[in-house]
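Participant: Structure below; questions to follow.
Residue numbers (the numbering used here): 17 to 190.
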């Protein structure tokens, strides 16, 4: 038969064990949060690299799908009536605007998001371009065949890194 003292001792041991588990869970949560931040930073860094590459390439040669552009902008952010969005690259001339979404590695949902969310938001956020010809583009270092198929079926222009395009920057000799 279990005595009151045995039961009280078991409850006390259980409370101590739970306190140790709670302490360990807190440490684990902190480590996971730190790992998430580090992984997020890696992803952000890769995205920044891709954006810089495609922006520099288009800035140097502002032509897309045979259309010459006069102006390029990056990381355009706008909000209006509780709608908010950011656009990686814009190319503009007097009658055309190209909206380019940049990804380090493109996925099918990136095409869908560009068409169904970002472009719809663009029409609301940038009414000054409503009479322009709108061109959507997806720029990425890696685009698999299924992404290409979806993009091309939806008239989304694809931009992909090709070859060894580099720029050499030299400082003054010392």
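Quick reminder that beta carbons are idealized off the backbone N, C-alpha and C, glycines included.
1. Look up residue 39 in the DSSP assignment and give the residues it is bridged to.
2. Alpha carbon to alpha carbon, how far is residue 45 from residue 90? Give it in angstroms, no decimals.
3. In chain order, which beta strand (DSSP E) runs of at least 3 residues are fully inside the region 100-167?
4. The beta strand (DSSP E) that contains residue 89, what's its start and end?
5. Quick check: the Cα distance between residue 129 and residue 39, rounded to an integer number of angstroms?
6. Check the C-beta distance from residue 175 over to residue 87 and give it rounded, since I have them as a contact under 8 Å.
7. Starting from residue 173 and walking both ways along the beta strand (DSSP E), at which residues does that stretch end?
8. Per DSSP, residue 83 forms a beta bridge with which residues?
9. Report the three-state DSSP secondary structure of residue 18 (helix, strand or coil).
10. In whole angstroms, give me the CA-to-CA distance for residue 136 and residue 107.
11. When burial is assigned at 16 or more other CB atoms within 10 Å of the CB, is residue 99 buried or exposed?
12. Using C-beta distances below 7 Å, list every residue in its chain close to residue 177, excluding the 5 sequence neighbours before and after it, in chain order.
13. Going by the CB atoms, is the gap between residue 173 and residue 153 shorter than 7 Å?
Facilitator: Reading it off the structure:
1. According to the DSSP secondary-structure assignment, residue 39 is paired through a beta bridge with no residue.
2. Taking the Cα positions, residue 90 is about 36 Å away from residue 45.
3. Counting only runs of 3 or more, we get 112-121, 149-158.
4. For residue 89, the enclosing beta strand (DSSP E) covers residues 87-96.
5. Computed Cα separation, rounded: 41 Å.
6. The C-beta separation of residue 175 from residue 87 comes to about 18 Å, leaving the pair out of contact by the 8 Å criterion.
7. Counting along the chain, residue 173 sits inside the beta strand (DSSP E) bounded by residues 172-176.
8. 80.
9. Looking at residue 18 - three-state DSSP - the assignment turns out to be coil, as it is neither helix nor strand.
10. Between the alpha carbons of residue 136 and residue 107 lies a distance of about 18 Å.
11. Classification of residue 99: exposed, given that the 10 Å Cβ count is below 16.
12. Same-chain partners within the cutoff: 69, 157.
13. The Cβ atoms of residue 153 and residue 173 sit closer than 7 Å to each other.
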